[in-house]
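*Asks:*
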């Protein structure tokens, strides 16, 4: 079941907002998809974008300025929602860094979230399978922003056969050591922090001898860089393990979509290179 | 007095959100300005964008995808707010098509709006004068979307010495004959509809033998086209009077910023041509 909520023509392609029933998330899930004109006739590669805290499936499509280049390259863009919604869980709207809009892309093990907050399975397996059955999709790649940058790196690194290249804007690199991350992980996964390691990019990279091509952009005027994002921790492991991760730092840029929009074109071209 | 509310680096330029005291609008007014990197060293042309109903000074900068080309061309972009705000007028938030976010860019003659709803004077004279004193601004041009397309055409046509070229996305062309327009104009200007003619593009064009260069883009799947926008009325006068107005209709496009973003680059290049 695929319910079209709205459709907009944009750059000759078609931007659509859908809802479908998800098994992993035990109910309806929203996503948006941009189909360049080429994708209506033939198979095209798909680039997934995971958004950050308090975003929906709309922010990326509306604010990142990605659709022009996606049409040019013939690249399908997919922006899943950042969590299940309206699951009637009491604490889901208590704080903007947890619950609705803040899934942290894990499979929750703790009640009541374990029933529906299985975004890891949803992004890694269920949604790609579902979309491949409904659209002409070729190779897949994954990117994200902030909490979604964390999701893209974690899900991508653990599933290199699904996502052939990865990128992130200002990702939360070490959620175990970030106040936002440790708060959310303790509620979704319980207090045993060894359970958190498989959702922490820095911990995963410590055990990864070789990765897909990875590109990371980070603004140096990002107020969350030191405490929440901890890019230096990632850069350190990447250097130690000699991993193929390109990290670009940009003076004066902050954490907003104005920063994302500035560098989105190079991310699309980066992923496109590995998708043809 | 110029108060910086926030600043974002974007495409090497600087996007700033300001508040200043306006005489015309009897209190504080918001606007945003994008200064391409070139504008920090030398005079650059400025392109003003007037937004539509229920927008603020943020929508255009966030959603239209204009900043990349503005940086490339060295074009300053200015997005004023769509009305005064917080003037404590009882009916100002009664309906989304009137009051806050819905000034219709007129000088109100009716109490209580006449005190502060003088957006015509603000956009045509006060803001350009103020900005020229605070930034390195050369020639000026004007564009807008929907109600802002109406504002751009009316203000631009009546002030050809101020704005050298005009453009609009899905403008309200004949507010006197549009339900949104006639409702707002009756409250701002009173019930004597002869008072409305100087704010109606179609009426103005009837008396204009020659205009600046004008470009209009319109989506054919725009749900407001027939009843609210009435582009055919404008096209008719333009043809009759042999005016230099280029009208482009686009199959499948709606009224949203997804439509605006698709064609914004050509508007920037259009205005740039006349500004150098």
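Chains as they are written, first to last, in the numbering used here: chain A, 177 to 452; chain B, 177 to 452.
Heads up, the beta-carbon is just placed ideally off N, CA and C, and yes, glycines get one too.
1) Kindly list the residues whose CB is nearer than 6 Å to the CB of residue 276 of chain A, restricted to its own chain and excluding five residues on each side of it in sequence; keep chain order.
2) Answer yes or no: do residue 413 of chain B and residue 378 of chain B have a C-beta to C-beta separation smaller than 7 Å?
3) Does the segment 378-393 of chain B touch the segment 354-363 of chain B, meaning 3 or more C-beta pairs lie closer than 8 Å?
4) May I have the straight-line CA-CA distance separating residue 411 of chain B from residue 185 of chain A, to the nearest angstrom?
5) DSSP beta-bridge partners for residue 220 of chain A?
6) Can you find a CB in chain A that lies within less than 7 Å of the CB of residue 263 of chain B?
7) Determine, using beta carbons only, whether residue 314 of chain B comes closer than 7 Å to chain A.
8) Do you know offhand how far residue 247 of chain B's Cα is from residue 444 of chain B's?
9) Report all residues from its chain with a CB closer than 6 Å to the CB of residue 224 of chain B; omit the five preceding and five following residues, and keep chain order.
10) Excluding the five sequence neighbours on either side, which residues of its own chain have a C-beta within less than 7 Å of the C-beta of residue 336 of chain A, listed in chain order?
11) Answer yes or no: does any C-beta atom of chain B fall closer than 7 Å to that of residue 185 of chain A?
12) Given residue 314 of chain B, which residues of its chain have a CB within under 8 Å of its CB, disregarding the five upstream and five downstream residues?
13) Using beta carbons (cut-off 7 Å, strictly below), is residue 297 of chain B in contact with chain A?
14) Any C-beta of chain C within less than 9 Å: which residues of the segment 413-442 of chain A qualify?
15) Alpha carbon to alpha carbon, how far is residue 454 of chain A from residue 312 of chain B?
16) Under a CB-based cut-off of 7 Å, is residue 239 of chain B close to chain A?
17) Taking only beta-carbon positions, decide if residue 191 of chain B is within less than 7 Å of chain A.
18) Alpha carbon to alpha carbon, what distance is there between residue 236 of chain B and residue 307 of chain B?
19) Could you give the C-beta distance for residue 205 of chain B and residue 298 of chain B, rounded to a whole number, given that I count them as a contact under 8 Å?
20) Which residues does DSSP pair with residue 362 of chain B in a beta bridge?
21) List the residues of chain A that residue 397 of chain B touches, going by C-beta distances under 8 Å, in chain order.
22) For residue 194 of chain B, which three-state DSSP category applies?
23) Alpha carbon to alpha carbon, what distance is there between residue 350 of chain B and residue 439 of chain A?
24) State the start and end residues of the unbroken beta strand (DSSP E) segment that holds residue 252 of chain B.
25) Which residues, taken in chain order from the segment 238-258 of chain B, show a beta carbon closer than 8 Å to some beta carbon of chain A?
26) Return the CA-CA distance between residue 340 of chain B and residue 369 of chain B, expressed in angstroms with no decimal places.
27) Within 10 Å of its beta-carbon, does residue 256 of chain A have 16 or more other beta-carbons around it, so buried, or fewer, so exposed?
28) Assuming residue 324 of chain A is part of the alpha helix (DSSP H), what are its boundary residues?
29) Measuring CB to CB, does residue 291 of chain B end up less than 7 Å from residue 202 of chain B?
*Replies:* By the coordinates alone:
1) Annotation for residue 276 of chain A: 259, 261, 268, 269 place their beta carbon closer than 6 Å to its own, counting only its chain and skipping 5 residues before and after.
2) Going by C-beta atoms, residue 413 of chain B is nearer than 7 Å to residue 378 of chain B.
3) At 8 Å Cβ cutoff, the stretches do not touch.
4) Computed Cα separation, rounded: 24 Å.
5) Residue pairing for residue 220 of chain A: DSSP places it in a beta bridge opposite A/313.
6) No, residue 263 of chain B does not count as interfacial toward chain A.
7) With 7 Å as the cut-off, residue 314 of chain B does not count as an interface residue toward chain A.
8) For residue 247 of chain B and residue 444 of chain B, the distance between alpha carbons rounds to 11 Å.
9) So the list reads 254, 318, once near-sequence residues are dropped.
10) The residues are 388.
11) Residue 185 of chain A counts as touching chain B.
12) Closer than 8 Å at the Cβ level, and outside the excluded window around residue 314 of chain B, lie 219, 220, 221, 222, 451.
13) No, residue 297 of chain B lies away from the interface with chain A (no Cβ there is under 7 Å from its Cβ).
14) Of the protein chains in this structure, namely A and B, none is chain C.
15) The structure shown does not extend to residue 454 of chain A, since chain A spans only 177 to 452, so no value can be given for it.
16) Yes - at least one Cβ of chain A is within 7 Å of the one on residue 239 of chain B.
17) Yes, its Cβ sits closer than 7 Å to a Cβ of chain A.
18) One Cα belongs to residue 307 of chain B, the other to residue 236 of chain B, and the distance between them is close to 19 Å.
19) Sure, about 7 Å apart at Cβ, within 8 Å.
20) Beta-bridge partners of residue 362 of chain B (DSSP): none assigned.
21) Close partners of residue 397 of chain B in chain A (Cβ separation under 8 Å): 185.
22) Here residue 194 of chain B sits in strand by DSSP.
23) One C-alpha to the other measures close to 41 Å.
24) Secondary structure note for residue 252 of chain B: its beta strand (DSSP E) is the uninterrupted segment 252-256.
25) Listed by position along the chain: 238, 239, 241, 243, 244.
26) When rounded, the distance between both Cα atoms is 29 Å.
27) Around the beta-carbon of residue 256 of chain A, 16 or more other beta-carbon atoms lie within 10 Å, marking it buried.
28) It spans 323-334 - the alpha helix (DSSP H) in which residue 324 of chain A sits, taken as one unbroken run.
29) The answer is yes: Cβ separation under 7 Å.
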